[in-house]
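Going down the list, the sequences are from chains A and B.
For the record, in the first sequence the residue sitting at position 250 is 239 according to the numbering used here, with numbers rising by one throughout.
For the record, in the second sequence the residue sitting at position 308 is 320 according to the numbering used here, with numbers rising by one throughout.
All residues carry an ideal CB built from backbone N, CA and C; glycine is no exception.
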Amino acid sequence: MKSFNFKSATNSKDAAKLATGRATYLAGGMTLLPAMKLRLAAYSDLINIKKIKGLSGIKVSSKSIRIGSTTTHAEVAASKEVGKSIPSLSMLAEGIGDPQVRNRGTIGGSIANNDPAADYPSACLALNATIHTNKRKILSDKFFTGMFETELKKGELIETIEFEVPEKSAYAKFPNPASRYALVGVYVAKLKKEVRVAVTGAGSSVFRSKELESVLSKNFSASAIENVNITSKGLNSDIHASPEYRAHIIKVMARKAVSSC
Amino acid sequence: MANLVGARLERKEDKKFLTGKGRYTADINLPNQSYAYFVRSPHARAKITKVDHSKAMKAPGVIDVFTGDSVALDKIGGLICGWKIVSHDGKDMKCPPHPVLAKDSVNFVGDHVAVVVAETLEQAKNAAELVNVSYKVQKAVTKTEDATSFETIHEGIDNNLSFDFLLGDKGKTDEAFSKADKIVKLDIINNRLIPNAMEPRAAIGDYNTSSDELTLYTASQNPHLDRLIMSAFNAVHPEHKFRIVSPDVGGGFGSKINVYAEDVVVSYASKKIGRPVKWVAERSESFMSDNHGRDHVTHAQLALKNDGKIIGMKVDTIANLGAYSLVLAAVTPTYLYAPLILGIYDIPAACCTVKGVYTNTAPTDAYRGAGRPEATYVIERIVTKAAKEIGMDQAEFRKKNFITKFPHQQCLVHNIDSGDYNAHLDKALELADYKNFENRRSQSAKKGKLRGIGFSTYFEACGVAPSAVVMSIGAGVGLWESAEVRFNPTGNVSVFTGTHSHGQSHDTTFAQIVGDKLGVAIENIDIVHGDTDKGPFGMGTYGSRSLAVGGTAIVNACDKIIAKGKKVAAKMLEGKPEDIDFKAGEFILKNSNKKKTIGEIAFACYLPGTFGDVKSPLPEGVEPGLIETSFFDPSNFSFPSGSHICEVEVDEETGETKLVKYTVVDDFGTVINPMIVEGQVYGGVAQGVGQALYENAHYDESGQLTSASYMDYTMPRADNFPQITIDYTCTPATSNPIGAKGCGEAGTIAAPAAVMNAVIDAVGSDISMPATSEKVWNALKKNGSKKAAA
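Printed below as a string of structure tokens:
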């Protein structure tokens, strides 16, 4: 790891001021620090945002759940309110990494990084989330723009993620045997106005499956998926799985998710 | 005193390891220490046109930079192949030069090119980025089967062929095949693995400019052998001024047998700069530069009579040596492999050819089991296939062909002294509830799972090894073992062993043996290893040899202690040595109540003054002190064997395989501590299951290692395993007085075949290792599974 300046901010404004030049925000550091240790990334300044009051915590209403960006996966997994209102979201948080990662890693960090195999981006897309930053509101449909890329501008800080409370939802993950990230993860949600299906792990970035959304909108049942043809075009190919296998697993995981709704 | 041998004693070493008090090489920091960082090749194959380290030399904190030119100038020798074998045409195997820092070419990704030594590790790393190596990149070959048809990668080694080895009688085997009613054929790949010891390799060179002594701390399985090689071949430092310390070592699995470039370079660099030089591998360096294991492509054939009797076997293997030939690179796929292809079956005629080939991949060498897992995989897969093809129950087929009379001279090499193969198979069949398997298969089917069962009835050759035998077939050293038993004047005992414990629990097991033998409480016995300055020259730990060979040296040294003690006791008790009995720590004069404890005798040996009426307890000609040394050279290998029965469930939709039931019955001969042995079997099975279902070292077409981290290299994890059932049968080894056969590698040797036979049974067609979900899914689709296709 190359040396850097370590600074702590106590509010979002200060954080934004500090974030100039080759600086970046540090929350849980579960991706950032390994990347720096491997010298895949180097920064002049790390701005610790864990001390900013109000960035952490969970607020629940009948229509939505708002989760502060520095809230850890363990906190989301343990939250009774989340468990009651969107149980699939607790389950997703519970399945991220290992206890060490869940105790340090944060929701804001996960979506800002937008790893193609991360779990949270699929929850954002499926639950029609709104990403509140220090500058604006961004709809999840616009937020995830590509592999490790988001709509966030330089110095923009995620403050809260607001999820719509669905009628029913479930997340089914088929883990990569080595990393245990999602080889394929499918998040299915029946919202008040629409059905959304988000897929992670399979493509270069999280995406919504139009094929699955279309059939499930008409008939929200596992049997409705039987005849859907999931295209393997554009899906990831690596030493763990071909695009064809990933396409097949999307279907299997979608069935599993719908069945457990 | 209760018997220690056979007791489930808790491990003496656990306290330090479980409380974080282990002291590994990386934990050692020396005054005035500097840090080394290696510049490694990013290319699989390239010519080096220039190494420019001028910028790096000027970087902050840099003390020196060494390159291939530096080591050549100082006449530091290259890395060696320690056991050279001969091709069937009588020609010696071909070994390319293997400099400790590459000079003219690099031959795999991770090849060591230069080293930067700096005040801090960060400074060394920063400066390493400034070392400018000019490469002329060439096309690389990584696949085993492509090597002989690829252009020559090492000058003078045509077809990239190091050796073409033949074992067995080809004429006799052809004759047997001509009489066969049926010939069973099988093509198999033994996938390349990365050893993944929990502790990455580490080395600290510490040259003392005053005394001219060089100390190397290194994570090694065999510090004396390292010193011998580094002084005799690498010309690092003369042996008598050279000390190697291998303190706590966190797993070796064969990958810490070799003298590596880093060991030589930090020693050399320390001499050059007159300061300690420390290097600790990062995990990605371990993936790239530790020796890899396995990587065979094999065609096997079995000749059968109609009644199921095997009458002949032919095996043709290509073994990938990687870029260079390491210490045991050549013997592993030849003498440690070919004789073992016969398994525990009475096969009258066989021959085995092995082509050793060079490629642009990390060098391969011994990895837990070394040759024997590969051999077991061949025989246990083809025997299962044969039983299925002739429609015979696979247990019955095995029993029909088992060796039943001992000693048994196999048609290739080994003379098996003892065993009872029916006994462990019968016990395993019962423990695994084999007779109700079909019920379980139906139960699984109801849940939508395909259940399969697989056997592996294995044997291996351990207790390496009779020196005359191994030296006659190319070993550079004999494989005896040493021990020194040192009674201290206060009655406690220090035992020096030439073996090395890096997870094998020698501190406990050897103390149990000595405790029983000498009647000394176990807490008063210390097992000392891992330091060339402390005990006598020893050969180290590999090949499941420590107990059978090293343990015997300890037993023999204890016998010498008792013999001397009897002479001293006789003088003190006023009797004759032949009238002294030794039992449970006491020397007793026959037909009397006169006795002395061994502690009293030890005290008297060191302080031979006046003891009551006895002026000096030492008889004439007996020297003071109570220290005895023994070197034991075994008369034969030892032959553990056993039966593994594995059951898996395959998810028809996803192709995912889950291990659901695993039963092991081993014959390890005499077992000293069953709890420790079970730990070895658990770990061994886990590594074998890893090979079968998860692990794979993968190089892409250009020679990049695409499985170079835990993000992509799949290790088996605890949640992949059911509780394993372990039991024993016992036929003691006759080649050592303990009766021990060896247990450290058994699990890894047997498990891959047991698991794969189960997967293939479930799926109904052949699959290569590792049986990943996608491979299984593809096979299921091909076999017409509707669920897999849906």
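(message) DSSP has P164/A in a bridge; who is on the other side?
(response) As a first step, residue 164/A is located in the first sequence; it is residue number 175 there, counting from the start. P164/A is bridged to A171/A.
(message) Does the CB of V49/A have a neighbour CB from chain B at under 7 Å?
(response) For the purposes of this step, residue 49/A is identified with residue 60 of the first sequence, where counting begins at 1. Using a Cβ-Cβ cut-off of 7 Å, V49/A does not count as an interface residue toward chain B, since no Cβ of chain B sits closer than that to its own.
(request) Since I believe T376/B is in contact with N303/B (beta carbons under 8 Å), could you give me their beta-carbon distance rounded to a whole number of angstroms? (result) By 1-based counting over the second sequence, the position of residue 303/B is 291. By 1-based counting over the second sequence, the position of residue 376/B is 364. In this structure N303/B is in contact with T376/B, their Cβ atoms being roughly 6 Å apart against a cut-off of 8 Å.
(request) Would you verify that the beta carbon of Y711/B is, or is not, closer than 7 Å to some beta carbon of chain A? (result) As a working note, residue 711/B is residue 699 in the second sequence. Output row for Y711/B: interface = no.
(message) Which same chain residues end up closer than 8 Å to Y694/B when comparing Cβ atoms and leaving out the 5 residues on each side of it in sequence?
(response) Start at 1 with the first residue of the second sequence, and residue 694/B comes out as number 682. Contacts found: I736, I738 and G759.
(request) Could you spell out where the beta strand (DSSP E) holding M325/B opens and where it closes? (result) Position 313 of the second sequence, counted from the start, is the residue given in the question as residue 325/B. M325/B -> beta strand (DSSP E) spans I322 to G334.
(message) For the ligand FAD, I want to know if H124/B counts as a neighbour, meaning its beta carbon is within less than 6 Å of at least one of the ligand's heavy atoms.
(response) Absent from the structure shown: the ligand FAD. Ligands present: none.
(request) Using DSSP bridges, identify the partner residues of G368/B. (result) Looking up residue 368/B in the second sequence gives position 356. DSSP output for G368/B lists F175/B and A331/B as bridge partner(s).
(message) Below 8 Å on the Cβ atoms is my contact criterion, and I expect G305/B with L333/B to pass it. Report the Cβ-Cβ distance as a whole number of Å.
(response) The residue labelled residue 305/B in the question sits at position 293 within the second sequence. The residue labelled residue 333/B in the question sits at position 321 within the second sequence. About 12 Å; that fails the 8 Å criterion.
(message) Taking 7 Å as the threshold (beta carbon to beta carbon), is E211/B in contact with chain A?
(response) By 1-based counting over the second sequence, the position of residue 211/B is 199. Under the Cβ criterion of 7 Å, E211/B is not counted among the residues facing chain A.
(request) Could you tell me whether the Cβ of S777/B comes closer than 7 Å to any Cβ of chain A? (result) Reading the second sequence from its first residue, position 765 is the one you call residue 777/B. By this cut-off, S777/B is not an interface position.
(message) Tell me the rounded alpha-carbon separation between I238/A and T666/B.
(response) Position 249 of the first sequence holds residue 238/A. Position 654 of the second sequence holds residue 666/B. Each residue's Cα considered, the two are about 7 Å apart.
(message) Would G754/B and C474/B qualify as a contact pair, given that the criterion is a beta-carbon distance under 7 Å?
(response) Indexing the second sequence from 1 puts residue 754/B at position 742. Indexing the second sequence from 1 puts residue 474/B at position 462. Yes, Cβ-Cβ distance for G754/B and C474/B is below 7 Å.
(request) Tell me where the alpha helix (DSSP H) around V771/B begins and ends. (result) Within the second sequence, numbered from 1, the residue matching residue 771/B stands at position 759. A758 to V775 is the extent of the alpha helix (DSSP H) around V771/B.
(message) Is S212/A close to chain B? Criterion is C-beta to C-beta, closer than 7 Å.
(response) For the purposes of this step, residue 212/A is taken as residue 223 along the first sequence, with counting starting at 1. With 7 Å as the cut-off, S212/A does not count as an interface residue toward chain B.
(request) Taking R295/B as part of the alpha helix (DSSP H), name the residues at either end of that continuous run. (result) The residue you call residue 295/B lines up with position 283 of the second sequence. Residue range R295 to S301 is occupied by the alpha helix (DSSP H) that includes R295/B.
(request) Please list the segments of the beta strand (DSSP E) lying wholly inside the segment 249 to 287 of chain B, counting only runs of 3 or more residues, in order along the chain. (result) Those beta strand (DSSP E) runs which fall completely within the segment 249 to 287 of chain B and span 3+ residues are 254 to 257.
(message) Measuring straight from C-alpha to C-alpha, what distance separates S232/B and Y234/A?
(response) Numbered from its first residue, the second sequence carries residue 232/B at position 220. Numbered from its first residue, the first sequence carries residue 234/A at position 245. Distance between the alpha carbons of S232/B and Y234/A is about 43 Å.
(request) Identify whether E392/B lies in helix, strand or coil by the three-state DSSP scheme. (result) Against the second sequence, residue 392/B aligns to sequence position 380. Residue state, collapsed to three classes: helix.
(message) Less than 7 Å between the C-beta atoms of K576/B and P589/B, yes or no?
(response) Taking the second sequence and counting its residues from 1, the one referred to as residue 576/B is at position 564. Taking the second sequence and counting its residues from 1, the one referred to as residue 589/B is at position 577. The answer is no: Cβ separation not under 7 Å.
(request) Work out the CA separation of G531/B and M13/B for me, nearest whole Å. (result) Stepping through the second sequence from its first residue, residue 13/B is reached at position 1. Stepping through the second sequence from its first residue, residue 531/B is reached at position 519. At M13/B, the pLDDT of 48 sits below 50, so the modelled position is not reliable and the matter cannot be decided from this model.
(request) Please determine, among T344/B, G381/B, N413/B and G320/B, the residue with the shortest C-alpha to C-alpha distance to Y4/B. (result) Only positions 13 to 802 of chain B appear in the structure, and residue 4/B is not among them; the question remains open.
(message) Considering just the uninterrupted stretch of the alpha helix (DSSP H) at L277/A, what are its terminal residues?
(response) An answer regarding residue 277/A cannot be provided, because it is not within the stretch -10 to 250 covered by chain A.
(message) Which residues in chain A have a C-beta closer than 9 Å to the C-beta of D724/B? List them in chain order.
(response) Counted from its first residue, the second sequence places residue 724/B at position 712. Result: N165, A167, S168, D227, I228 and H229.
(message) Let's test the definition: count the other Cβ atoms within 10 Å of the Cβ of G324/B and tell me whether it reaches 16, buried, or not, exposed.
(response) To locate residue 324/B, count along the second sequence from 1; it is residue 312. Buried, because 16 or more other Cβ atoms sit within 10 Å of the Cβ of G324/B.
(message) Using only CA atoms, which one of I269/B, H426/B and N119/B lies nearest to L354/B?
(response) As a working mapping, residue 354/B is identified with position 342 in the second sequence. For L354/B, the nearest C-alpha among the options comes from H426/B.
(request) Could you give the DSSP three-state label for G97/A: helix, strand or coil? (result) Counted from its first residue, the first sequence places residue 97/A at position 108. It is helical.
(message) Does L35/A come out as helix, strand or coil in the three-state DSSP assignment?
(response) Mapped onto the first sequence, residue 35/A falls at position 46. Strand, per DSSP.
(message) Pull the bridge partners of L316/B from the DSSP assignment, please.
(response) Against the second sequence, residue 316/B aligns to sequence position 304. In the DSSP assignment, L316/B is bridged to K194/B and I322/B.
(request) Determine, using beta carbons only, whether Y706/B comes closer than 7 Å to chain A. (result) To locate residue 706/B, count along the second sequence from 1; it is residue 694. Taking Cβ atoms only, chain A reaches closer than 7 Å to Y706/B, which makes this a yes.
(request) Taking C-beta pairs closer than 8 Å, name the residues in chain A that E665/B reaches, listed in chain order. (result) Taking the first residue of the second sequence as 1, we reach residue 665/B at position 653. Residues of chain A passing the Cβ test: V241.
(message) Going by DSSP in three states, V292/B sits in which element: helix, strand or coil?
(response) Taking the first residue of the second sequence as position 1, residue 292/B is located at position 280. In the structure shown, V292/B sits in a strand (DSSP, three-state: E or B).
(request) With 7 Å as the C-beta to C-beta threshold (strictly closer), list the residues of the segment 717 to 743 of chain B near chain A in chain order. (result) Hits within the stretch, in order: T718, S719, Y722, M723, D724, Y725 and T726.
(request) Could you tell me which of K103/B, G73/B, S117/B and A188/B sits nearest to D839/B, measuring between CA atoms? (result) Residue coverage of chain B in this structure runs from 13 to 802, which leaves residue 839/B outside it and unanswerable.
(request) Quick one: list the residues of chain A neighbouring A802/B, beta-carbon separation under 8 Å, in chain order. (result) Locating residue 802/B in the second sequence gives position 790, where the first residue counts as 1. Neighbourhood of A802/B in chain A, by CB distance below 8 Å: E215 and K240, in chain order.
(request) Determine the closest residue to K222/A out of S212/A, G192/A, A67/A and L201/A, with distance taken between C-alpha atoms. (result) The sequence position of residue 222/A within the first sequence is 233, counting from 1. Closest by C-alpha distance to K222/A, out of S212/A, G192/A, A67/A and L201/A, is G192/A.
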